[in-house]
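Novice:
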Amino acid sequence: MSGELSPIDKAKFVAAKRAAEYVQSGMRVGLGTGSTAAWLVRCLGERVREEGLRFRGVPTSARTAELAREVGIEVISLEEAGWLDLTIDGADEFDSELNLIKGGGGALLQEKIVATASDEMIVIADAAKHVETLGAFPLPVEVIPFGWTASQALIEEALVTMDVLGRKTTLRMNGDQPYVTDEGNHILDLHLTRIGNARQLAMLVNQIPGVVENGLFIDICDRVIIGYGDGRVEIRDINAGTVSEERVEFLEDDNLFRDV
Ligand code: 5RP
-19 MSGELSPIDK
-9 AKFVAAKRAA
1 EYVQSGMRVG
11 LGTGSTAAWL
21 VRCLGERVRE
31 EGLRFRGVPT
41 SARTAELARE
51 VGIEVISLEE
61 AGWLDLTIDG
71 ADEFDSELNL
81 IKGGGGALLQ
91 EKIVATASDE
101 MIVIADAAKH
111 VETLGAFPLP
121 VEVIPFGWTA
131 SQALIEEALV
141 TMDVLGRKTT
151 LRMNGDQPYV
161 TDEGNHILDL
171 HLTRIGNARQ
181 LAMLVNQIPG
191 VVENGLFIDI
201 CDRVIIGYGD
211 GRVEIRDINA
221 GTVSEERVEF
231 LEDDNLFRDV
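Sequential numbering of the sequence shown, starting at -19, is according to our numbering.
1) Tell me which residue opens and which closes the alpha helix (DSSP H) that ASN186 is part of.
2) If you reduce the DSSP assignment to three classes, tell me which class ASP(-11) lands in.
3) Here's a check: name, in chain order, each residue in its chain whose Cβ is nearer than 6 Å to the Cβ of ALA182, leaving out the five neighbours to either side.
4) Considering only C-alpha positions, which residue in the set LEU33, GLU91, TRP128 is nearest to VAL51?
5) Classify GLN4 as helix, strand or coil using the three-state DSSP reduction.
6) Under three-state DSSP, which class holds GLY37?
7) Let me know if VAL213 comes out buried or exposed under the rule of 16 or more other beta-carbons within 10 Å of its beta-carbon.
8) Compare the beta carbon distance of SER48 and LEU89 with 8 Å and say whether it is the shorter of the two.
9) Tell whether a beta-carbon distance below 8 Å holds between GLU112 and ASP143.
10) Taking 6 Å as the limit between beta carbons, can you name the residues of its chain near THR67, skipping five residues before and five after?
11) Who are the near neighbours of GLY209 in its chain, counting only those whose CB is closer than 6 Å to its CB and skipping five residues on each side?
12) Could you tell me if the beta carbon of ALA(-9) falls within a distance shorter than 7 Å of some heavy atom in the ligand 5RP?
13) Output the residue ranges of the alpha helix (DSSP H) runs that lie fully inside the stretch 107 to 171 and measure 4 residues or longer, sorted by chain position.
14) Residues with a Cβ closer than 5 Å to any heavy atom of the ligand 5RP, in chain order?
15) In angstroms, rounded to a whole number, what distance separates the CA positions of ARG179 and LEU80?
16) Pull up the distance between the alpha-carbon of GLY83 and that of PRO120, whole angstroms please.
17) Among residues of its own chain, excluding the 5 on either side of GLY25, which ones have a beta-carbon nearer than 7 Å to its beta-carbon?
18) Using CA coordinates, which residue listed in LEU170, GLU163, GLU73 is at the minimum distance from ALA138?
19) Under a three-way DSSP split, which group does GLY25 fall into?
20) SER241 by DSSP, collapsed to three states: which one?
21) For the beta strand (DSSP E) holding LEU66, just list the boundary residues, first then last.
22) With C-beta atoms as the reference, is TRP19 less than 8 Å away from ALA(-4)?
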């Protein structure tokens, strides 16, 4: 990498590096998608190469699969794995109950399937992702392409009955074309500003024909590792009710940063 890492990249990196320590040989591990999860995959690749760590990874997107193979991680499908010991992934927002909004990177469907097929889910994030109430980040909803405008109209109608501040919905674009997920679907982003009852909203949205899944992860995450630009990490465990703080040492001329 040329130049210095930004404080936000340092925060993402230290969260990912600390999370990589939870992976042990023999495990089957879900690998998230996004820039924070990419740091995790690189850190795990380093452990594979330098420590001889042997585990199998189930990626949540084609781009994570490519990176994982590149860094030397054995990649298997969820069908081959059957069940996972652990999933580590990023998030767009998390609240104090560790409920999440995910899908900013468009991989929410595979991410939710993989996280719920795991004994444990750890979220890695910089501190800016912590919110009091979910909803400032637009909520991604994956819809099948057939009749997506009808699904959008039904979602907007359903939002009228919901405790939300905004009700605008937009089709996610990739240039001048609708964004297409790894599963061949589209994404509607719901600009809600504030979600009063995330559990209820998640259930309601998923009942609408054409909706495949939404980006609210309720009661799925067990632990969050929050990274800071000065190398500190805070680990919050929702099951144990503990919060601890540690420091992650790293050098900016680390090999890991070379090709980023
Ligand atoms: C991808 C996701 C990502 O985890 C989320 O968008 C966070 O990404 P980043 O780590 O780049 O901030 O849900 O679908």
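Every residue, glycine too, gets a C-beta built ideally from N, C-alpha and C.
Specialist: Taking the coordinates as given:
1) Reading the sequence shown from its first residue, position 206 is the one you call residue 186. Residues 178 to 186.
2) Reading the sequence shown from its first residue, position 9 is the one you call residue -11. The answer is helix: DSSP assigns ASP(-11) an H, G or I state.
3) In the sequence shown, counting from the first residue as 1, residue 182 sits at position 202. Only ASN194, LEU196, ILE198 meet the Cβ criterion.
4) As a first step, residue 51 is located in the sequence shown; it is residue number 71 there, counting from the start. For VAL51, the nearest C-alpha among the options comes from LEU33.
5) Position 24 of the sequence shown, counted from the start, is the residue given in the question as residue 4. In this structure, GLN4 counts as coil in the three-state DSSP scheme.
6) As a first step, residue 37 is located in the sequence shown; it is residue number 57 there, counting from the start. Of the three classes helix, strand and coil, the one that applies to GLY37 here is strand, per DSSP.
7) Start at 1 with the first residue of the sequence shown, and residue 213 comes out as number 233. Buried.
8) As a first step, residue 48 is located in the sequence shown; it is residue number 68 there, counting from the start. As a first step, residue 89 is located in the sequence shown; it is residue number 109 there, counting from the start. The question names Ser, but residue 48 in the sequence shown is Ala. Not closer than 8 Å, so no.
9) Taking the first residue of the sequence shown as 1, we reach residue 112 at position 132. Taking the first residue of the sequence shown as 1, we reach residue 143 at position 163. The answer is no: Cβ separation not under 8 Å.
10) Taking the first residue of the sequence shown as 1, we reach residue 67 at position 87. Closer than 6 Å at Cβ, skipping near neighbours: GLY10, VAL94, ALA95, SER98, MET101.
11) Taking the first residue of the sequence shown as 1, we reach residue 209 at position 229. So the qualifying residues of the chain are PRO(-13), LYS(-10), ALA(-9).
12) Counting from one through the sequence shown, the residue named residue -9 turns up at place 11. For the ligand 5RP, not one heavy atom lies less than 7 Å from the Cβ of ALA(-9).
13) 128 to 139
14) THR13, GLY14, SER15, THR16, GLY70, ASP72, LYS82, GLY83, GLY84, GLY85, ALA87
15) Indexing the sequence shown from 1 puts residue 179 at position 199. Indexing the sequence shown from 1 puts residue 80 at position 100. When rounded, the distance between both Cα atoms is 11 Å.
16) The residue labelled residue 83 in the question sits at position 103 within the sequence shown. The residue labelled residue 120 in the question sits at position 140 within the sequence shown. Looking at the two C-alpha atoms, the distance is approximately 6 Å.
17) Reading the sequence shown from its first residue, position 45 is the one you call residue 25. Same-chain partners within the cutoff: VAL51, GLY52, ILE53.
18) Reading the sequence shown from its first residue, position 158 is the one you call residue 138. Per the Cα distances, LEU170.
19) Against the sequence shown, residue 25 aligns to sequence position 45. If DSSP states are grouped into helix, strand and coil, GLY25 belongs with the helices.
20) Since the first residue of the chain shown is -19 and the last is 240, residue 241 is not available in this structure.
21) Counted from its first residue, the sequence shown places residue 66 at position 86. Taken as a continuous stretch (DSSP letters only), the beta strand (DSSP E) holding LEU66 covers 66 to 69.
22) In the sequence shown, residue 19 corresponds to position 39, counting from 1. In the sequence shown, residue -4 corresponds to position 16, counting from 1. Yes, they are a contact pair.
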